[in-house]
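*Asks:* In terms of my numbering, the sequence shown has 763 at position 81, counting the first letter as 1, and numbering is strictly consecutive.
The beta carbon of each residue, even a glycine, is placed where N, CA and C say it ideally should be.
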Amino acid sequence: MSGLKTKLPTDIWVAATWEEFIALADDPAYSKAKCYYRNGQMRIETMSVGPDHSRDNAIALFAINLFCTIKGIAVNGFNKCSYRKTGVREFSQTYLTTLDLERN
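1. Is DSSP giving ILE755 helix, strand or coil here?
2. How would you write the range of the beta strand (DSSP E) that ILE726 sits in, first residue to last?
3. Does ALA697 come out as helix, strand or coil in the three-state DSSP assignment?
4. Taking just the CA atoms, how far does GLU701 sit from GLY759?
5. LYS716 and GLU727 - do their beta-carbons sit closer together than 8 angstroms?
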């Protein structure tokens, strides 16, 4: 799909098949875009994360990690990950923290 001739709309949800979405999401032209798919619709966001948003994410992640460290809770932090459920949806999180409730 790197030979894309028409510009796709961005920052809105549009109807698309899973195959169309995967072809677009894997296209090098959209390597810096955030791509989402859910229930037969896709969305491409081309805006970058600004410093205020980035700072807020860092503060939240630091606070969660500090709390878990003090309480002895094992924690894994993920930043800017993309999660796919083939044929169904894809979403990405700026940060996602999963807590392992087993104490060390």
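*Replies:* On the basis of the supplied data:
1. strand
2. 723-727
3. strand
4. 30 angstroms
5. yes
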